[in-house]
Amino acid sequence: MARRRTPPKKQTPPAPRPRTRPATGPADLVEEAADAAAKAKAVLPDSVPLSEPAATPETGVDESTLRSAYERYAQAQQAYELALRELDKRGAAVAAAEAEVARRADELDDREAVQNARETDLRRRDDEAAQLRVKLDERDSELLAGEMRLVERQEREKEEILASARVALAATLERVETERRALDEERERGREQLRAELDDQRRQLHEERVRLQKERRELRDLKRELDLRQEDLDDLKELYDERLENAAVAATESLRLQYKHLEERHSAAREQLDRLEEQAVELERLRRAFGHREPRDVLESLATLERENTALRQSQRSFPEDAMARLTALQEEKLHWAEEHAVLVAENASLQRRLGAYESNAVELERMKVTKEAAEATVRAYQATVEDLRKDMEGLIERREGAAPFPACTKMDSTYGTPPEELLDEVPPLPELISRIRAYIAQQHRIYYSERDLRCFLAGLATSQLHLLQGISGIGKTQLPQRFAEAIGAASSIVSVGADWRTPQDLMGYYNAFERKFYESEFTQALYKAQCPEFGRQPFLVVLDEMNLSYPEQYFNDVLSAMELTQRRGAAPPSLVLMSAGVEPAPALLREGRKLLLPGNVWFVGTANHDETTVSFADKTYDRAHVLELPAEHQSFKPQPVEPLGAISTAALKRSFTGARRQYGKRVDDVREFLDGALAPRMLSDFRISWGSRVRRQLGSYVSVVLASGGSITEAVDHVVATKVLRKLRGRHEVRAQKLDNLRNELTAMWHLLDPDEPPTYSIRLLDEEIYLRGDV
Numbered sequence: 001m002a003r004r005r006t007p008p009k010k011q012t013p014p015a016p017r018p019r020t021r022p023a024t025g026p027a028d029l030v031e032e033a034a035d036a037a038a039k040a041k042a043v044l045p046d047s048v049p050l051s052e053p054a055a056t057p058e059t060g061v062d063e064s065t066l067r068s069a070y071e072r073y074a075q076a077q078q079a080y081e082l083a084l085r086e087l088d089k090r091g092a093a094v095a096a097a098e099a100e101v102a103r104r105a106d107e108l109d110d111r112e113a114v115q116n117a118r119e120t121d122l123r124r125r126d127d128e129a130a131q132l133r134v135k136l137d138e139r140d141s142e143l144l145a146g147e148m149r150l151v152e153r154q155e156r157e158k159e160e161i162l163a164s165a166r167v168a169l170a171a172t173l174e175r176v177e178t179e180r181r182a183l184d185e186e187r188e189r190g191r192e193q194l195r196a197e198l199d200d201q202r203r204q205l206h207e208e209r210v211r212l213q214k215e216r217r218e219l220r221d222l223k224r225e226l227d228l229r230q231e232d233l234d235d236l237k238e239l240y241d242e243r244l245e246n247a248a249v250a251a252t253e254s255l256r257l258q259y260k261h262l263e264e265r266h267s268a269a270r271e272q273l274d275r276l277e278e279q280a281v282e283l284e285r286l287r288r289a290f291g292h293r294e295p296r297d298v299l300e301s302l303a304t305l306e307r308e309n310t311a312l313r314q315s316q317r318s319f320p321e322d323a324m325a326r327l328t329a330l331q332e333e334k335l336h337w338a339e340e341h342a343v344l345v346a347e348n349a350s351l352q353r354r355l356g357a358y359e360s361n362a363v364e365l366e367r368m369k370v371t372k373e374a375a376e377a378t379v380r381a382y383q384a385t386v387e388d389l390r391k392d393m394e395g396l397i398e399r400r401e402g403a404a405p406f407p408a409c410t411k412m413d414s415t416y417g418t419p420p421e422e423l424l425d426e427v428p429p430l431p432e433l434i435s436r437i438r439a440y441i442a443q444q445h446r447i448y449y450s451e452r453d454l455r456c457f458l459a460g461l462a463t464s465q466l467h468l469l470q471g472i473s474g475i476g477k478t479q480l481p482q483r484f485a486e487a488i489g490a491a492s493s494i495v496s497v498g499a500d501w502r503t504p505q506d507l508m509g510y511y512n513a514f515e516r517k518f519y520e521s522e523f524t525q526a527l528y529k530a531q532c533p534e535f536g537r538q539p540f541l542v543v544l545d546e547m548n549l550s551y552p553e554q555y556f557n558d559v560l561s562a563m564e565l566t567q568r569r570g571a572a573p574p575s576l577v578l579m580s581a582g583v584e585p586a587p588a589l590l591r592e593g594r595k596l597l598l599p600g601n602v603w604f605v606g607t608a609n610h611d612e613t614t615v616s617f618a619d620k621t622y623d624r625a626h627v628l629e630l631p632a633e634h635q636s637f638k639p640q641p642v643e644p645l646g647a648i649s650t651a652a653l654k655r656s657f658t659g660a661r662r663q664y665g666k667r668v669d670d671v672r673e674f675l676d677g678a679l680a681p682r683m684l685s686d687f688r689i690s691w692g693s694r695v696r697r698q699l700g701s702y703v704s705v706v707l708a709s710g711g712s713i714t715e716a717v718d719h720v721v722a723t724k725v726l727r728k729l730r731g732r733h734e735v736r737a738q739k740l741d742n743l744r745n746e747l748t749a750m751w752h753l754l755d756p757d758e759p760p761t762y763s764i765r766l767l768d769e770e771i772y773l774r775g776d777v
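In the working numbering, the protein residues as written are 1 to 777.
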């Protein structure tokens, strides 16, 4: 090919400058003015006006004509200079254009050089191919010559053999011909018999194939029915476990009441024992006062003393008067001392009793003092509490009349009662939708999610109403549903989960019968807001932040059961029961004044960390949810400017999901056949792991939407296998690492049946982690 030569650059000639020559006379000035005007007219564009010069006079010129000619000359000279400047500008533009042409010519030369190099290489390869063809032709010629020589030799040997055998063959020809005919007849008979047997076997095989297909269909139907029954049994088991738990709680409460009753009886018995001990102490004190004598001995001593007193009085009468006087004095003195002794003894006993009483009273008073102080403090606290309750009751009574039991929800009836004016009824193609959402989030919030993660999140919306976003803290788990909803014009709400949540009332709120008020939680308000006219036709994402701070199977159980009802065709929209009886006036969207609808435009997105402050999800939650694990780092990129999508309706989004399922239904059937035929027997026989109709249904929706969004078949199926099947191997410490390693190798080998171009990296990474944790391979 001839090399293109770069044309030489044109040199712009220097602009001519006007030359002035001395005029010899008026006529010469007129002629020079006319020449300048003609030159100016030749170079000036048509838009510049220029008056025509007057004809050159043949005779003398007067002063006025000379002045007019001079003015025209000046005008012509100015026009000529203007024309020269215009020419300079055009020359500069032409020079720039020629420089651009030269640059492009250089680029073309470079490209031609590359092309020439490629053509030279191709010619070299053609020459090498020609040489190889020549060598092959020579080799073919040699082979052909050798083959001809071999054929000639074989012909000669054949002629010799035929010549030697022709005589023998001539003798046996007739016999051979006879035997050949007999063999032909026998062969024909055997062929007919074999044909009949083959037809019979073919017919039997066809009948067997039909029977096997029928049995396979029956087995498939039976398996499907068994799966449905298994799900029903699982649901019944969950219901039984829940009832058993409730019964255990009731039994525990009954035992607690019995224990409290026994404690009260024990306290009463303790008080009675204290009284008996006090009586025993008093009895012991009396026994010490009487010298530890029995009451009967004391009575006998008193009787003896009375008899002695009577005898002494009789003997007193027989004494002389002076002796009697002295005796009387002694008796009186004795009596006085006896009385004084008795008084002293009595006082001593009394003092002893009083001392014991004082001691016991002192202890009792000290105890009573402490009890009194505690009682006074309790009374003061009770009085303050009663006063606060009285004020609260008075305030509640004042506010009770006309107050709404659901104040926040009732306010939403008026605040969000107007439907949006415009919603998009058509969703862009799903690959374009993913690209625009990704660029919008990066452009508006500087958060860089990959297209793979956004495809997984979008396909999860088609799979389940519950999402679980897992990963380390600070990677954008809570931001993803919020920004995704913002990008498609949807709404979202965040509910912070508490570590002390145990019952559905912790999630949805509770009703105070005294105040006639339902304390609406953030979750209840978000769920009610989602079905208000302003948000009822567009997607609504409820984000449960830190969902596994408490057990979701306890506080989220009613929602899980209601979500399961939405999967049944023909079933009425499920509701969440907020309280046992309805109230008035109830919010407009509350059923029977006590039930909150679970609308179809709501998706629940739970974020989860895995550390010492959180709990693990149960299989019940994992099976119903779509799981997405976000990477620790996001690759940043420079987003292209995009316009907001506008508000997309829920119906349009679900229509796009339905279209994806119709478009990729055949691929989904291939995936199910691959999993049922290649993976399911291995998982069931070695690990006792299987999957039911719920996983099959989720598989169909997820794979279809991922493929429709621009993802690969491995990207979709790998995620489902890892999160729905292989995840069940976690915590199975009885499974040896060698088994897991064998499964890893077999999964890698069998994956070529599904996709020979891309390995299942997610599943392999999960198996590698489990093998590493066991550490014996």
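Ideal placement from N, C-alpha and C gives every residue a C-beta, glycine not left out.
>> Just to check my reading of the structure: residue 747 and residue 760 have Cβ atoms closer than 8 Å, yes? What is that Cβ distance to the nearest angstrom?
In response: Position 747 of the sequence shown holds residue 747. Position 760 of the sequence shown holds residue 760. Indeed, because the Cβ distance is near 7 Å, the residues count as touching under 8 Å.
> Can you give the beta carbon distance from residue 645 to residue 476, rounded, assuming they're within the 8 Å contact cut?
Replying inline: If you number the sequence shown from 1, residue 645 lands on position 645. If you number the sequence shown from 1, residue 476 lands on position 476. Residue 645 to residue 476, Cβ: 20 Å. No contact.
>> Considering only DSSP beta bridges, list what residue 495 is partnered with.
In response: The sequence position of residue 495 within the sequence shown is 495, counting from 1. Assignment of beta-bridge partners to residue 495 by DSSP yields 544.
> What are the start and end residues of the beta strand (DSSP E) that includes residue 595?
Replying inline: Indexing the sequence shown from 1 puts residue 595 at position 595. Its beta strand (DSSP E) spans residues 595-597.
>> I need the DSSP call for residue 475, collapsed to helix, strand or coil.
In response: The count along the sequence shown starts at 1 and reaches residue 475 at position 475. Coil, per DSSP.
>> Just to confirm before moving on: does the CB-CB distance between residue 448 and residue 635 stay below 8 Å?
In response: Taking the first residue of the sequence shown as position 1, residue 448 is located at position 448. Taking the first residue of the sequence shown as position 1, residue 635 is located at position 635. Taking 8 Å as the Cβ cut-off, residue 448 and residue 635 qualify as a contacting pair.
> According to the Cβ coordinates, are residue 698 and residue 463 closer than 8 Å?
Replying inline: Here residue 698 refers to the residue found at position 698 when the sequence shown is read from its first residue. Here residue 463 refers to the residue found at position 463 when the sequence shown is read from its first residue. A contact, by the Cβ cut-off of 8 Å.
> By Cβ distance, which residues of its chain are closer than 6 Å to residue 524, with the 5 residues on each side in sequence left out?
Replying inline: Your numbering for residue 524 matches position 524 in the sequence shown. Contacts found: 508 and 509.
>> Check this for me: beta carbons of residue 492 and residue 543, under 8 Å apart or not?
In response: Here residue 492 refers to the residue found at position 492 of the sequence shown. Here residue 543 refers to the residue found at position 543 of the sequence shown. Against a cut-off of 8 Å, the Cβ pair of residue 543 and residue 492 comes out as a contact.
>> Just to confirm my understanding: we take residue 308, look at its own chain, exclude 5 residues before and 5 after, and list those with CB closer than 6 Å. What are they?
In response: On the sequence shown, position 308 is the one that residue 308 refers to. So the list is empty, once near-sequence residues are dropped.
> Which residue spans inside the segment 686-746 form an unbroken beta strand (DSSP E) run of at least 3?
Replying inline: Assignment of beta strand (DSSP E) within the segment 686-746, counting only whole runs of 3 or more residues, yields no such run.
> Would the beta-carbon of residue 575 fall within 8 Å of that of residue 560?
Replying inline: Here the question's residue 575 lines up with position 575 in the sequence shown. Here the question's residue 560 lines up with position 560 in the sequence shown. Against a cut-off of 8 Å, the Cβ pair of residue 560 and residue 575 comes out as no contact.
>> What would DSSP say about residue 604, mapped onto helix, strand or coil?
In response: Within the sequence shown, the letter at position 604 stands for residue 604. In the structure shown, residue 604 sits in a strand (DSSP, three-state: E or B).
>> Whole angstroms are fine: how far does the CA of residue 585 sit from the CA of residue 403?
In response: Mapped onto the sequence shown, residue 403 falls at position 403. Mapped onto the sequence shown, residue 585 falls at position 585. C-alpha separation (whole angstroms): 9 Å.
> Between which two residues does the beta strand (DSSP E) containing residue 416 stretch?
Replying inline: As a first step, residue 416 must be located in the sequence shown, where it is residue number 416. Element bounds for residue 416: n/a, residue is neither H nor E.
>> Three Cβ pairs or more, each shorter than 8 Å: is that satisfied between the segment 718-736 and the segment 750-770?
In response: yes
> With contact counted as at least three CB pairs below 8 Å, one residue from each stretch, are the segment 646-654 and the segment 686-706 in contact?
Replying inline: Of all C-beta pairs linking the segment 646-654 to the segment 686-706, fewer than three are shorter than 8 Å, placing the two stretches out of contact.
> By Cβ distance below 6 Å, which residues in the same chain neighbour residue 540 in space, the five residues on each side in sequence not counted?
Replying inline: Here residue 540 refers to the residue found at position 540 when the sequence shown is read from its first residue. Counting only Cβ-Cβ distances below 6 Å, and skipping sequence neighbours, we find 491, 530, 601 and 602.
> Going by alpha carbons, who is nearest to residue 563 out of 599, 550 and 582?
Replying inline: For the purposes of this step, residue 563 is identified with residue 563 of the sequence shown, where counting begins at 1. Of the candidates 599, 550 and 582, the one whose C-alpha sits nearest the C-alpha of residue 563 is 599.
>> According to DSSP, residue 577 sits in a beta bridge with which residue or residues?
In response: Numbered from its first residue, the sequence shown carries residue 577 at position 577. Paired residues: 595.
> DSSP on residue 59, reduced to helix/strand/coil?
Replying inline: For the purposes of this step, residue 59 is taken as the residue at position 59 of the sequence shown. Any answer about residue 59 is weak, because its pLDDT of 47 lies below 50 and its placement is not dependable; what the coordinates show is given next. Residue 59: coil per DSSP, three-state reduction.
> Between residue 660 and the rest of its own chain, which residues show a CB-CB distance below 6 Å, the 5 nearest in sequence each way excluded?
Replying inline: In the sequence shown, counting from the first residue as 1, residue 660 sits at position 660. Only 704, 705 and 708 meet the Cβ criterion.
> Taking the DSSP output, what are the residues bridged to residue 519?
Replying inline: Stepping through the sequence shown from its first residue, residue 519 is reached at position 519. DSSP, once it has assigned bridges, lists 510 as partnering residue 519.
> Cα separation between residue 787 and residue 773?
Replying inline: An answer regarding residue 787 cannot be provided, because it is not within the stretch 1 to 777 covered by the chain.
> Going by beta carbon distance, what residues of the same chain come within less than 7 Å of residue 639, once the five residues before and after it are set aside?
Replying inline: Locating residue 639 in the sequence shown gives position 639, counting from the first residue. Cβ neighbours of residue 639 beyond the five flanking positions: 439, 442 and 443.
> Under the DSSP definition of a beta bridge, which residues are partnered with residue 634?
Replying inline: Sequence index remark: in the sequence shown, residue 634 carries index 634 (1-based). Looking at the DSSP assignment, residue 634 forms no beta bridge with any residue, so it has no partner.
> Going by Cα to Cα distance, which pick from 303, 79, 577 and 182 is closest to residue 592?
Replying inline: Counted from its first residue, the sequence shown places residue 592 at position 592. Comparing alpha carbon positions, the residue from 303, 79, 577 and 182 closest to residue 592 is 577.
>> Does residue 631 pass the burial test, meaning 16 or more other C-beta atoms within 10 Å, or should it be called exposed?
In response: Numbered from 1 along the sequence shown, position 631 holds the residue referred to as residue 631. In summary, residue 631 is exposed, with fewer than 16 beta-carbon neighbours lying within 10 Å of its beta-carbon over all protein chains present.
> In angstroms, rounded to a whole number, what distance separates the CA positions of residue 268 and residue 514?
Replying inline: By 1-based counting over the sequence shown, the position of residue 268 is 268. By 1-based counting over the sequence shown, the position of residue 514 is 514. Taking the straight line joining both Cα atoms gives about 35 Å.
> Does DSSP classify residue 465 as helix, strand or coil?
Replying inline: Translated into positions along the sequence shown, residue 465 becomes position 465. In the structure shown, residue 465 sits in coil (DSSP, three-state: anything other than H, G, I, E or B).
> Quick one: Cα of residue 621 to Cα of residue 721, how far?
Replying inline: Translated into the one-based positions of the sequence shown, residue 621 becomes position 621. Translated into the one-based positions of the sequence shown, residue 721 becomes position 721. About 17 Å.
>> For residue 550, count the other beta carbons within 10 Å of its own beta carbon; 16 or more makes it buried, fewer makes it exposed. Which is it?
In response: Translated into the one-based positions of the sequence shown, residue 550 becomes position 550. Here residue 550 is buried, its C-beta having at least 16 other C-beta atoms within 10 Å.
> If residue 520 sits next to residue 408, beta carbons under 8 Å apart, how far is it from one beta carbon to the other, in whole angstroms?
Replying inline: As a first step, residue 520 must be located in the sequence shown, where it is residue number 520. As a first step, residue 408 must be located in the sequence shown, where it is residue number 408. Confirmed, about 5 Å.
> Closest to residue 451 by CA distance: which of 498, 431, 469 and 211 is it?
Replying inline: Working through the sequence shown from its first residue, we reach residue 451 at position 451. If we check each option's Cα against that of residue 451, 431 comes out closest.
>> Quick check: what's the CA-CA separation for residue 758 versus residue 714?
In response: Here residue 758 refers to the residue found at position 758 of the sequence shown. Here residue 714 refers to the residue found at position 714 of the sequence shown. Cα to Cα, the separation comes out at about 6 Å.
> Just reading off the beta strand (DSSP E) that residue 753 is part of, what are its end residues?
Replying inline: Stepping through the sequence shown from its first residue, residue 753 is reached at position 753. Looking at the DSSP string, residue 753 is not in any beta strand (DSSP E), and its letter there is neither H nor E.
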